[in-house]
Amino acid sequence: MIPMVAAWGGHDKLACGYRDGQVILWDIQAALTKPGSGPSDFRDFIICSMYTNHSAVRDIAWHGIDDPQFFSTCGNDGLVQLVQWRDPHNVRHYARVRIYTMAWPGYSDCFWFIDGENVMRGGSASVSFEKSQIRKCVSGLAISRSIAGSELHPFIAVSATDGYLKVVNPIGSLRLRDT
Numbered sequence: 089m090i091p092m093v094a095a096w097g098g099h100d101k102l103a104c105g106y107r108d109g110q111v112i113l114w115d116i117q118a119a120l121t122k123p124g125s126g127p128s129d130f131r132d133f134i135i136c137s138m139y140t141n142h143s144a145v146r147d148i149a150w151h152g153i154d155d156p157q158f159f160s161t162c163g164n165d166g167l168v169q170l171v172q173w174r175d176p177h178n179v180r181h182y183a184r185v186r187i188y189t190m191a192w193p194g195y196s197d198c199f200w201f202i203d204g205e206n207v208m209r210g211g212s213a214s215v216s217f218e219k220s221q222i223r224k225c226v227s228g229l230a231i232s233r234s235i236a237g238s239e240l241h242p243f244i245a246v247s248a249t250d251g252y253l254k255v256v257n258p259i260g261s262l263r264l265r266d267t
């Protein structure tokens, strides 16, 4: 199995998404600190393994910095899955939208994604997809390939194939619209 995408969950966990829709969580801290660990016993460091998507996992986004409890995945099948890694087989299906990449900063319950229409949208992880308002924040003419958020500020950066880097404060723009 060859991983399609990998994402760090704090300093000690690594989530790898595979072509068949499987996500494997690895305990990297144990792998680095266990004496005598070699390449033959790599299965000892698997925290859990789960199938989150019906096709290849395109992106994984963790929620939090120090010891994140939740992560989300998006796949070629269009599903966004929200997972608590301590209960990995209770996967919450959030959306069936073509999503290419996503970010889930720890300062709020909103996760942000680039959809098939090349628009950055946000949704709330605390309510179901049917009840959540999907917020449109950034649109562009070129294909957006990457989205990044920080735990330390509310800005989201989106890079596009036309060379533009768009930085937005989606939380601030929501507050301005509400007043």
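The opening position of the sequence shown corresponds to residue 89 in the numbering used here, with each subsequent residue numbered one higher.
For each residue, glycine too, the CB sits at the ideal point set by N, CA and C.
Asked                                                                                                                                            : Found
Please look up how many angstroms separate the CB atoms of S234 and T189, rounded, as I've assumed it's under 8 Å.                               : 6 Å
By alpha-carbon positions, which one of L240, G228, R174 and M208 ends up nearest to K101?                                                       : R174
Let me know the secondary structure DSSP gives T140 once reduced to three states.                                                                : coil
So the candidates are I153, M92, R131 and A144; which of them puts its Cα closest to the Cα of L240?                                             : I153
Which stretch, first to last residue, makes up the alpha helix (DSSP H) that contains T121?                                                      : I116 to T121
Buried or exposed for M89, please, with buried defined as at least 16 other CB atoms from any protein chain shown within 10 angstroms of its CB. : exposed
Comparing alpha-carbon positions, which option in G251, Y139 and Q169 lies nearest R107?                                                         : Y139
If G166 and V185 are in contact, beta carbons under 8 Å, what's the gap, nearest whole angstrom?                                                 : 6 Å
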